[in-house]
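Below is one structure, written out as C-alpha cells; the observations come after it.
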Ligand SMILES: Nc1ncnc2c1ncn2[C@@H]1O[C@H](COP(=O)(O)OP(=O)(O)O)[C@@H](O)[C@H]1O
Ligand SMILES: [Mg+2]
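In this note's numbering, the protein residues as written are 48 to 279.
Now the structure itself:
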C-alpha cells in the first residue's frame with residue numbers, strides 16, 4: 048500500500064501493510080495531513096485499475112484540487128473527490144431533511160462498492176472533527192463510529208481518517224478512536240529555536256514492522272518526501 052508512493056516512506060515502513068485497515072492521520076492545522084493522504088492516494092492509484100474515494104468536509108473540491116496542484120500532486124481519473132456539496136445533494140435526492148452525514152458517507156461507500164466491486168480499494172475521510180461538528184444528532188456517536196469503522200473493514204478498504212489533534216493530546220476525540228483503529232500516523236510540527244520542522248511519526252500500525260522515530264516531512268517538487276529521523 049505505501050510502497051512506491053511518497054519517497055522516503057520506506058525509512059518508516061519496513062514491511063508493506065495490507066487492507067483492511069483504518070488509519071488515523073492526526074496533527075495540528077497546517078501539518079500536511081490533507082496533503083499526505085491525497086498524495087499517497089493519487090500515487091497509489093495512478094496507472095492502476097483501482098478506485099479511490101476522497102471525502103473532504105473541510106474544503107471545497109475545486110479548492111482542494113488547486114492546492115494539491117500547487118504542491119505538485121495532480122488528480123488521477125480513478126480517484127473521486129466528494130465534498131460537502133455532494134453530500135447535501137444526496138439530501139435533496141432522498142427528499143428528506145436529515146443531517147446524518149455518517150449515513151450519507153456509508154451510502155456513498157456502498158454505492159461505489161457496488162459500482163466498482165473489488166477495485167474500490169482506498170478511502171479517505173477528511174476530517175473526523177468536521178464530520179462530528181456537522182452531525183446534529185450526536186447521540187450514540189461512539190457506537191455509530193464503531194460500526195462505521197467496521198463497515199470500512201468489511202469492505203476491505205485501506206482508509207485514512209484525518210483527525211485534528213494538538214501536539215500534547217491523545218489520539219481521541221470521542222474518547223476511543225485511537226483504540227478502534229488499526230493505525231495512528233501523527234504528522235506534526237516541531238518547534239526548536241524559532242525554527243519549525245514538520246515531521247511524521249507512526250504511533251501504531253497493526254501487523255506491520257515500522258520505525259517509531261520522528262521523521263522530517265518536506266514538500267518536494269512532486270509532493271511530499273520523508274527524510275531521516277529528527278535528532279532531539
Ligand atoms: N506549494 C507549497 N509548497 C510548500 N508548502 C506548501 C505549499 N502549499 C501549501 N503548503 C503548506 O501546506 C500547508 C497545508 O497543508 P495541508 O495538507 O492542507 O495541512 P492540514 O491538512 O494538516 O491542515 C500550508 O499551511 C502550507 O504551509
Ligand atoms: Mg486538512
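Virtual Cβ for every residue (Gly too), placed ideally from N, Cα, C. Fair warning: this is a prediction, and the values are worked out from it, not measured in the lab.
Scanning the segment 51-118 for uninterrupted alpha helix (DSSP H) segments of 4 residues or longer gives 80-92, 108-117, listed from N- to C-terminal end. DSSP places residue 190 in the helix class (H, G or I) of the three-state scheme. Inter-segment contact for the segment 223-230 and the segment 184-196 is present: three or more beta-carbon pairs are separated by less than 8 Å. Listed in chain order, the alpha helix (DSSP H) elements of length 4 or more contained wholly in the segment 142-169 are 148-163.
Residue pairing for residue 206: DSSP places it in a beta bridge opposite 69, 170. With a cutoff of 8 Å on beta-carbon distance, residue 264 and residue 245 are scored as near each other. In this structure, the straight-line span from the alpha carbon of residue 154 to that of residue 260 is close to 38 Å.
The Cβ neighbour count for residue 125, taken over all protein chains shown within 10 Å, is at least 16; the residue is labelled buried. It is roughly 6 Å from the alpha-carbon of residue 209 to the alpha-carbon of residue 172. Counting only the Cα atoms, residue 242 lies some 13 Å from residue 279.
Here the distance from the Cβ of residue 217 to the nearest heavy atom of ligand 2 is not below 7 Å. Taking C-beta atoms as the reference points, residue 228 and residue 56 fail to come closer than 8 Å. For residue 218, no alpha helix (DSSP H) run applies, since DSSP gives it neither H nor E. Residue environment: residue 233 is assigned as buried (16 or more neighbouring CB atoms within 10 Å of its CB, all protein chains considered).
Any heavy atom of ligand 1 counts here; residues with a Cβ closer than 7 Å to one of them, in chain order, are 74, 76, 77, 78, 79, 80, 81, 82, 83, 114, 117, 118, 209, 234, 266.
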